Amino acid sequence: MTTQKTDTQLEAPGLVFPTGFVWGSATSAYQIEGAVSTDGRGRSIWDTFVSQPGHVVNGEHADVAIDHYNRYRDDVRLMADLGLSAYRFSVSWPRIQPLGSGAINTKGLDFYKNLVDELLSYGIDPWITLYHWDLPQALEDAGGWPSRDTSKRFADYATVVHGALGDRVQNWSTVNEPWCAAYLGYASGEHAPGRREPALAIHAAHHLNLAHGLAVQAMRAQHADSRIGGCVNLYAVTPATESEADQDAARRIDGLQNRFFLDAIMHGRYPDDVLADLSHLTGPEFIEDGDLAVIAAPLDMLLINYYSRFTVSGAPGGAQSAAAAPTDSGSPWVGSEHIGFVNGGRPVTSMGWEVDGTGLYEVLTRLAREYPAIPLYISENGAAYDDVLTEDGAVHDVERRAFIETHLRVCHQAIEGGVPLQGYFAWSLMDNFEWAWGYGKRFGLVYVDYSAQTRILKDSALWYAETIRHGGLRGPAE
Ligand code: FCB
């Protein structure tokens, strides 16, 4: 008897991933922890941002979020049930240093020590991200990321966390998605701290890179055997047409989004064309001698967050941004504000992001071609859909499962083609606070009932667990 097939992917052959491939899932501190005033945690820019009207859909905040601070043991148990080999999470800087510098809050460190011990007791490898956007408010008050001093404070904070956990955590990354922290935080203002100062956003981007480099050096000096990486969000970028204006738009967006960060951390330089695009806003004086050598401190791995492709138009009055912010905001595309983001005609997630696995293939093969060979990990990939908890107590999230399968197939294809891709982390383990979008956008493999704080494995989670058990994708259903 043949089973009815609902999508073409079920017809595709099974694929086995190399032994040792890391099967993970990811979260970040502010999006899940809650407990914002517990055990001496200081205030972060996100606490301030969400308390101001108009910043988050429905005025939502993450004071409780999904209460992971209190429920981490149960959440680790869920990870074990799924069979995850690794869990990527971030450390909240204001839990460790409530004022961003100086005094260390040992209770904050204890939380992460306990979390790590819990993970290790199940054989789950902890992957720490040091900064996922929750800057201590005191450092913002002193200038924030546009201030060079923040990079140095970050290196001190990295030294503290790595000093406390470096003996039992092997895999470390510095700044999650510096593009977002700089341009959504300081240019468009759709993320904390909500500033709209385009020239200073460029300085912020440089200081986030510098913070990365200084932290890599500090951690390397502390434990030579740690594996340390940078984490960038990369997009495939294509011109809407072959016109000169559209091709220039693609060059500009690729430059701002991808090359500015990759060239800095991998090659120790900023692309000349990007600096030229920005020269009417700022000269290069914020880049001091020696900075780029620090930023390009050798890495053990590169972490890539991939969600979608941008199709761009340089025509005057071009199309609207495809990934528009939920609330009133400026443009994050500093110096290239005229560029339009065109609908590429692909299916979209509930974020309006186009689903495009071929874009991931382009990103991975480009990295292998244009940058020094380095182990790669997909540190985030996933999709928000309008999940429904059905009467049978399940969430039949067929689209999310298909999304992940599509991208895993691409990963496998890239590996077969020689790309040194060594792991995949689904974003996200659980539904959580999706920044300016609040709780309305669900990315989790695990459904969270926000009022009861219950967790329910979605179909995608069950499928991912099975995929992990098989070390890859199974072939067509019998
Ligand atoms: C990434 C962020 C992550 C989450 C996903 C959807 O840019 O790193 O926190 O918001 O997008």
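Heads up: take any position in the sequence shown, counting from 1, add 23, and you land on this note's numbering.
Note that CB positions come from ideal geometry on N, CA and C, so glycine has one too.
Given the structure is predicted, the values throughout are model-derived calculations rather than measurements.
{"Query": "When you compare the region 357-374 with the region 313-322, are there three or more beta-carbon pairs, one atom per stretch, that lie closer than 8 Å?", "Result": "no"}
{"Query": "Counting C-beta neighbours from all protein chains within 10 Å, is the total for D472 16 or more, i.e. buried, or is it exposed?", "Result": "exposed"}
{"Query": "Do Q280 and the ligand FCB come close, with the Cβ less than 7 Å from some heavy atom?", "Result": "no"}
{"Query": "Pop quiz: F466 and A407 are said to be a contact at Cβ under 8 Å. What is the actual Cβ separation, rounded to whole angstroms?", "Result": "5 Å"}
{"Query": "Does the region 436-449 come close enough to the region 384-395 that 3 or more CB-CB pairs lie under 8 Å?", "Result": "yes"}
{"Query": "With a threshold of 7 Å on Cβ separation, who are the neighbours of R492 within its own chain once the five nearest residues in sequence on each side are excluded?", "Result": "G106"}
{"Query": "Would you say the beta carbon of E83 is closer than 7 Å to some non-hydrogen atom of the ligand FCB?", "Result": "no"}
{"Query": "Specify the secondary structure class of D482 as computed by DSSP and reduced to three states.", "Result": "helix"}
{"Query": "First and last residue of the alpha helix (DSSP H) that includes V471?", "Result": "V471 -> not in any alpha helix (DSSP H); beta strand (DSSP E) instead, spanning 469-472."}
{"Query": "I need the DSSP call for L38, collapsed to helix, strand or coil.", "Result": "strand"}
{"Query": "Since E428 contacts L496 with CB under 8 Å, what's their CB separation in whole angstroms?", "Result": "6 Å"}
{"Query": "Got a sec, what are the start and stop residues for the alpha helix (DSSP H) C434 sits in?", "Result": "421-439"}
{"Query": "Can you tell me whether F466 sits near the ligand FCB, meaning its C-beta is under 7 Å from at least one heavy atom of the ligand?", "Result": "yes"}
{"Query": "Could you check the C-alpha separation between L122 and D454 for me, to the nearest Å?", "Result": "29 Å"}
{"Query": "What is the DSSP secondary structure of K28, reduced to helix, strand or coil?", "Result": "A caution first: K28 carries a pLDDT of 40, below 50, which makes its placement in the model unreliable, though a value can still be read off. Here K28 sits in coil by DSSP."}
{"Query": "Within 7 Å: the Cβ of H5 and any heavy atom of the ligand FCB?", "Result": "Residue 5 is absent from the model: the chain starts at 24 and stops at 501."}
{"Query": "Look at P159 and Q120 and say whether their C-beta atoms are less than 8 Å apart.", "Result": "yes"}
{"Query": "Classify G495 as helix, strand or coil using the three-state DSSP reduction.", "Result": "strand"}
{"Query": "In angstroms with no decimal places, state the Cα-to-Cα distance between D190 and V184.", "Result": "11 Å"}
{"Query": "Just verifying my parser: in three-state terms, what is the DSSP assignment at Q445?", "Result": "strand"}
{"Query": "Buried or exposed for T372, going by 16 or more other Cβ atoms inside 10 Å?", "Result": "buried"}
{"Query": "Could you pull the DSSP bridge partners for D148 from this structure?", "Result": "A109"}
{"Query": "Out of curiosity, what's the CA-to-CA distance linking I151 and A181?", "Result": "11 Å"}
{"Query": "Within 8 Å of any Cβ in chain B, is that where the Cβ of S124 sits?", "Result": "In the structure shown, chain B does not exist; there is a single protein chain."}
{"Query": "Tell me whether E428, by its Cβ, gets closer than 7 Å to a heavy atom of the ligand FCB.", "Result": "no"}
{"Query": "Would you call the region 389-405 and the region 279-292 touching, i.e. three or more CB-CB distances under 8 Å?", "Result": "yes"}
{"Query": "Return the chain-ordered list of same chain residues with a C-beta closer than 7 Å to the C-beta of H18, the five sequence neighbours on each side being excluded.", "Result": "Because the chain in this structure spans residues 24 to 501, residue 18 falls outside the shown range and cannot be described."}
{"Query": "Relative to the alpha-carbon of G358, which residue among E311, A263, S302, D379 has its alpha-carbon at the smallest distance?", "Result": "S302"}
{"Query": "Return yes when the C-beta of N404 is under 7 Å from any heavy atom of the ligand FCB, and no when it is not.", "Result": "no"}
{"Query": "Can S51 be considered in contact with the ligand FCB, in the sense that its beta carbon sits closer than 7 Å to one or more heavy atoms?", "Result": "yes"}
{"Query": "Across which residues does DSSP place T477 in a beta bridge pair?", "Result": "D472"}
{"Query": "Compute the Euclidean distance between the alpha carbons of V99 and R118, then round it to the nearest angstrom.", "Result": "20 Å"}
{"Query": "Could you give the DSSP three-state label for I318: helix, strand or coil?", "Result": "helix"}
{"Query": "For D271, I'd like the list of residues in its chain whose CB is within less than 7 Å of its CB, leaving aside the five on either flank, ordered along the chain.", "Result": "G337"}
{"Query": "With a threshold of 16 other CB atoms inside 10 Å of the CB of G217, please say whether the residue is buried or exposed.", "Result": "buried"}
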